[in-house]
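Reading through the structure tokens given below for one structure.
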Amino acid sequence: MTRRKPAAAKAEPTPPPSGGHDHAHCVADALAAAESCCAARGAQLTPIRRRVLELVWSSHAPIGAYEILAALGRETGKVQPPTVYRALDFLKAQGLIHRIESRNAFIGCAQPGTRHAGQFLLCRGCGEAAELVADKALAALDRQAAALGYSVEHRTVEFEGLCPHCQEAARP
Ligand SMILES: [Zn+2]
Ligand SMILES: [Zn+2]
Ligand SMILES: [Zn+2]
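Counting in my numbering, the sequence shown runs from 3 upward without gaps.
Structure representation (structure tokens):
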């Protein structure tokens, strides 16, 4: 029985921690979680995949493929775009990152051990993303789509606004 899920494996909403937190800790946690997820599934977290994941986790704001490409290029000289795209595809398939459609960018998942679709709150002030968990709401929408005879291939749930910190900063 390799597919049994631990009872605690339930996704929860994850807001970015407040500014001034120890972000190195977030990165270390994310990399450790990625190592164990990949090991459990027999997937290879190669050095380039690991480094791309680390770059996605460079902040709590979504990052684009070109920014990742530029950062890698500065570190190692020339990097081919397909190398980065393949690494991003792998990380996405493993549930280690989510794609933010409206920004054409990627964000690290804080709970990669649980299979879930990502729904996001995006702050237009600081650019950070918070992950929502809305399995029941999505199931209700799926049922309506099915009732209308649609075969859904893709869903995007992204809300845009101001996070609590940016609302605070905007107050006179
Ligand atoms: Zn952090
Ligand atoms: Zn997630
Ligand atoms: Zn904000």
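Just so it is clear, CB atoms sit at the ideal spot from N, CA and C, and this is done for glycine as well. All figures in this text were calculated on a predicted structure; none of them were measured in a lab.
- Here R43 has Q96 as same chain residues with Cβ atoms under 8 Å from its own Cβ, once five neighbours each way along the sequence are excluded.
- Within the same chain, and ignoring the five residues on either side of A172 in sequence, the residues whose Cβ sits closer than 8 Å to its Cβ are G127 and L164.
- Around ligand 2, the residues whose beta-carbon falls short of 6 Å from at least one of its heavy atoms are H100, C111, Q113, H118, G120 and E133, given in chain order.
- With 16 or more other CB atoms across the displayed protein chains lying within 10 angstroms of its CB, E130 is buried.
- Three or more Cβ pairs closer than 8 Å define a contact, and the segment 43 to 62 meets that threshold against the segment 80 to 99.
- Residue pairing from DSSP places H100 in a beta bridge opposite I109.
- DSSP links C125 through a beta bridge to G163.
- Taking a contact to require three or more Cβ pairs closer than 8 Å, the segment 18 to 35 and the segment 55 to 72 qualify as touching.
- Going by C-alpha positions, E133 is about 10 Å away from A13.
- Residues of the same chain with a CB within less than 7 Å of the CB of P64, apart from the 5 flanking positions on each side, are I102, R105, A107, F108, I109 and A131 in chain order.
- Any heavy atom of ligand 3 counts here; residues with a Cβ closer than 5 Å to one of them, in chain order, are C125, G127, C128, C165 and C168.
- Close CB contacts of P114 within its chain, under the 6 Å cut and outside five residues either way in sequence, are with A35, C39, G97 and L98 (chain order).
- Checking the 6 Å criterion, the Cβ of H25 is within range of a heavy atom belonging to ligand 1.
- Residue pairing from DSSP places A132 in a beta bridge opposite L123.
- Using a Cβ-Cβ distance cut-off of 8 Å, the segment 14 to 26 and the segment 131 to 150 are in contact, since at least three pairs of beta carbons, one from each stretch, lie closer than that value.
- Counting only residues of its own chain and dropping the five nearest sequence neighbours on each side, V154 has a CB closer than 7 Å to the CB of D144 and A147.
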